[in-house]
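Sequences listed follow chains B and S, in order.
When we follow our numbering, the leftmost residue of the first sequence carries the number 1, and every step to the right adds one.
When we follow our numbering, the leftmost residue of the second sequence carries the number 1, and every step to the right adds one.
All C-beta atoms in this analysis are idealised placements derived from N, C-alpha and C, irrespective of residue type, glycine included.
The next block holds one structure in the form of structure tokens; read it before the comments.
Number of protein chains: 2
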Amino acid sequence: MAARTYESARERILDAAQRLILERGMSRLSVDAVITEVGLSKGGFFHHFKTKNDLILALLDRLVRRMDGLVAELAAKDPQPRGARLRAQIVLSFDSKRQEAEAPQALLLAFVEAVQSQPAVRRLARELNAQTVARDVAEGVPEGRAMLIQAALDGFWLSEAVGIAALTAKQKRALRDELIALARVEASPAAAARTTTKTRKGRRS
Amino acid sequence: MAARTYESARERILDAAQRLILERGMSRLSVDAVITEVGLSKGGFFHHFKTKNDLILALLDRLVRRMDGLVAELAAKDPQPRGARLRAQIVLSFDSKRQEAEAPQALLLAFVEAVQSQPAVRRLARELNAQTVARDVAEGVPEGRAMLIQAALDGFWLSEAVGIAALTAKQKRALRDELIALARVEASPAAAARTTTKTRKGRRS
DNA sequence: CATACTATACCGACTGGTCGGTCGGTATGC
DNA sequence: GCATACCGACCGACCAGTCGGTATAGTATG
Chain B
1 MAARTYESAR ERILDAAQRL ILERGMSRLS VDAVITEVGL SKGGFFHHFK TKNDLILALL
61 DRLVRRMDGL VAELAAKDPQ PRGARLRAQI VLSFDSKRQE AEAPQALLLA FVEAVQSQPA
121 VRRLARELNA QTVARDVAEG VPEGRAMLIQ AALDGFWLSE AVGIAALTAK QKRALRDELI
181 ALARVEASPA AAARTTTKTR KGRRS
Chain S
1 MAARTYESAR ERILDAAQRL ILERGMSRLS VDAVITEVGL SKGGFFHHFK TKNDLILALL
61 DRLVRRMDGL VAELAAKDPQ PRGARLRAQI VLSFDSKRQE AEAPQALLLA FVEAVQSQPA
121 VRRLARELNA QTVARDVAEG VPEGRAMLIQ AALDGFWLSE AVGIAALTAK QKRALRDELI
181 ALARVEASPA AAARTTTKTR KGRRS
């Protein structure tokens, strides 16, 4: 028994893999690189993860859980529950400190490929996405708005993660404020009507 | 005897590579697969492209040119020049027929990885992005708006390309209309002022 | 017209290297 | 004596890129 295993080996593998993905990209992530980083052998690695793909899936799972936790935590602090989750998500997306610490953007980006080629993961991602919108709607955000903001956030983190964004700090702040304003659920029925536009019109049954 | 080369071999290689990327993803694209598809030899391939990366760069270049052409073409038909480009981009992004024919979304997604790992490509992408926004601004769209819509479009095609989007046709239409409405440059100075909102902004209602 | 030279297009066996995964083992604690 | 954790040599596949060659079209020369 490895008494000096302060953190479980499994967790250490996960951390190392995450570091490597962030540094060199998913495509250059090899099991060999991971075990070198952790100081483990091939056999040791495959003792903890049946395949390399299992590692990736576990990493994705951990990431999603962590992000969800952060959003929930921040949303709980919002005095106004309507759209709190959405606003929390926006704020976190623009939190550059958090970005550097956890870098979920860059990580998620790395996973995009994995999502694409794995139906199971894709299904999971789709569910997650639908759930997110549904939760926003439950909090009082009109569906069209929720979809719009969600899309904008995805686009934002994508460009940030890829390093495409040429936005200044000021521009970023402006974009964030604009998004938060959109996420603000208004009491005014007129405003609410304006936001729902076409989507309303009674449908579904 | 290249007499029966109706389309240049180079072009045929590009087409084949595009097909393969769309079918199996960028990570599983190999030169061998491409030459099998085209019916060419290793030597033949490397006669046309110095490296595999050259092929990818050429493909990306062709894609960008084509998309740009489509947007410009559609924008030219818009009677209202202000924000015409942006609206054209929105419409094209939601054009599912075009999507299946050209599938630039899925292709672009495949390139995201390439962009990430290649500084030169990243620089190019950043420039392209900045140019797009600048052109929108030149057409009269407030910068904040342009950034917001651009981000939303990116997010939309990302989720579409990945296959995450769980949107119904109706939801998509609603989202598109909402985006187009945002892209509509209003004549009213008051409205224009509201859209620009930066630091100063009306709080709640 | 024939010969010679050149450039372009293409061939395919081969090389050097990477990588995921296997398997027969060892050490240790219960 | 059984389970858990870990070791590391090895295997097979895949793959980018090389290289020495062939075939043909075009052009120049005598």
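- The closest CA to that of S/L107, considering only S/A84, S/A165, S/I149 and S/D61, is found on S/D61.
- Using a CB distance below 9 Å, the part of the region 141 to 161 of chain S facing chain B consists of E143, G144, R145, M147, L148, I149, Q150, A151, A152, L153, D154, G155, F156, W157, L158, S159 and A161, ordered along the chain.
- Under the DSSP assignment, S/L108 falls in the alpha helix (DSSP H) whose first and last residues are P104 to S117.
- For B/L124, the closest of B/I21, B/R65, B/T36 and B/D136 by C-alpha to C-alpha distance is B/R65.
- Taking 9 Å as the cut-off, the beta carbon of B/A165 is found closer than this to the beta carbon of S/R126.
- Counting the other Cβ atoms within 10 Å of the Cβ of B/N129 gives 16 or more, which makes it buried.
- Its chain contains L29 and A110 as the residues whose beta carbon lies nearer than 6 Å to that of S/I21, once the 5 sequence neighbours on both sides are disregarded; these appear in chain order.
- In chain order, M147 make up the part of chain S whose C-beta sits under 8 Å from the C-beta of B/L167.
- For B/L59, same chain residues with a beta-carbon under 7 Å away, outside a window of 5 residues either side, are L14, A17 and Q18 in chain order.
- Per DSSP, reduced to three states, the secondary structure at B/A166 is coil, with no helix or strand assignment.
- Measuring C-alpha to C-alpha distances from S/V31 to each of S/F46, S/E23 and S/Q89 identifies S/F46 as the nearest.
- For the options B/R173, B/E23, B/R24 and B/L55, the alpha carbon positioned closest to that of B/R10 is the one of B/L55.
- The Cβ atoms of S/V115 and B/G43 lie no closer than 9 Å to each other.
- With respect to the 9 Å criterion, S/G25 and S/A183 are not classified as neighbours on the basis of their beta carbons.
- For a Cβ distance threshold of 9 Å, residue set V162, G163 and I164 of chain B lies close to S/V115, ordered along the chain.
- One thing to note: B/E113 has its Cβ no nearer than 9 Å to the Cβ of S/E73.
- Taken in chain order, the members of the region 89 to 111 of chain B whose beta-carbon sits within less than 9 Å of a beta-carbon on chain S are A106, L109 and A110.
- S/F94: member of the alpha helix (DSSP H) spanning A84 to F94, first to last residue.
- Counting only Cβ-Cβ distances below 8 Å, B/S27 has contacts in chain S at S27, E113 and S117, in chain order.
- For B/D32, the uninterrupted alpha helix (DSSP H) run begins and ends at V31 to V38, by DSSP.
- Here B/L86 is near B/A146, since their CB atoms are less than 9 Å apart.
- Taking CB atoms only, S/E127 has a neighbour in chain B less than 9 Å away.
- DSSP places B/Q80 outside both helix and strand once states are collapsed to three, so it counts as coil.
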